[in-house]
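To keep things clear, I will list the structure first and then write my remarks on it.
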Amino acid sequence: MVKKRTLDLSKVIAATSELIDEQGLAAVTFPNLAKRLGIRSQSLYHYIDNRTQLLSLVGANRIKALNENLKENLVGMAGQEAILKFCDLIRDYLLKDNALAAILYHLNEYERNAEINIELLKVIELGTKLKSDEDEPISVHALVGAVLGYVFFDRSAIFSGESSNERNSNYHQMILRLIKPV
């Protein structure tokens, strides 16, 4: 009797997410993933072409969850208050989701039409809908990049001498300067 395949792409993505959460981005190799799934590494090629595509799919999956979080928390908001909340939600999400933050730091490795970029554009489109005309001149794309950069600094030793309140205050000042330059 032939053994029925129970593996699918969603299970590969879930196992990859777990591997990143537990061991970091560098641990994502086909041999490590295959071991976790109890298959031969060659079997992974039935679902994905390479590591870059796999990380794009994992990132896209996590960005979909971020986008849902944003939608739930930004209903009825607009203008500067909404943009600030938008940035706060992204920052908080990325500070909790180490895997997504790590994947986003490698955005330049993904094709323009990769799943991760498609999902990230949806987040940027949402942010653009929140802006009012007086929120110019910064683009939401640049604002999201600034938030990602700030998350990187937040995780480093750069702010180790600051309290959480000081870090948050400095972060908000930076976002407000980007939204409303002096």
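Letter by letter, the sequence shown follows residues 26 to 207 in my numbering.
For every residue, glycine included, the Cβ atom is placed at its ideal position computed from N, Cα and C.
Note that the structure is predicted; figures quoted are calculated from it, not measured.
Mind checking A126: buried by the 16 CB within 10 Å criterion, or exposed?
Within the sequence shown, numbered from 1, the residue matching residue 126 stands at position 101. With 16 or more other Cβ atoms within 10 Å, it is buried.
Since N92 and L151 should fall inside the 8 angstroms C-beta cutoff, what is the C-beta to C-beta distance between them, to a whole number of angstroms?
Within the sequence shown, residue 92 is the residue found at index 67, counting from 1. Within the sequence shown, residue 151 is the residue found at index 126, counting from 1. Contact holds; Cβ gap of about 7 angstroms.
Considering only residues of the same chain and omitting the five flanking positions on each side of K156, which have a CB-CB separation below 7 angstroms?
If you number the sequence shown from 1, residue 156 lands on position 131. Same-chain partners within the cutoff: I108 and V165.
Can you name, in chain order, every residue of its own chain whose Cβ lies under 8 angstroms from the Cβ of K110, other than the five neighbours on each side?
Here residue 110 refers to the residue found at position 85 when the sequence shown is read from its first residue. Same-chain partners within the cutoff: N98, L99 and M102.
Using 8 angstroms as the threshold, is the C-beta distance between E144 and A85 below it?
Locating residue 144 in the sequence shown gives position 119, counting from the first residue. Locating residue 85 in the sequence shown gives position 60, counting from the first residue. Yes.
Is the distance from the Cβ of L120 to the Cβ of D74 below 8 angstroms?
Working through the sequence shown from its first residue, we reach residue 120 at position 95. Working through the sequence shown from its first residue, we reach residue 74 at position 49. Cβ distance not < 8 angstroms, so L120 and D74 don't count as in contact.
In terms of residues, what are the limits of the alpha helix (DSSP H) holding L95?
Within the sequence shown, the letter at position 70 stands for residue 95. From DSSP, the alpha helix (DSSP H) with L95 extends over R76 to L99.
Taking its Cβ as the centre, do 16 or more other Cβ atoms sit within 10 Å of I183, making it buried, or is it exposed?
As a first step, residue 183 must be located in the sequence shown, where it is residue number 158. Answer is exposed; the Cβ neighbour count stays below 16.
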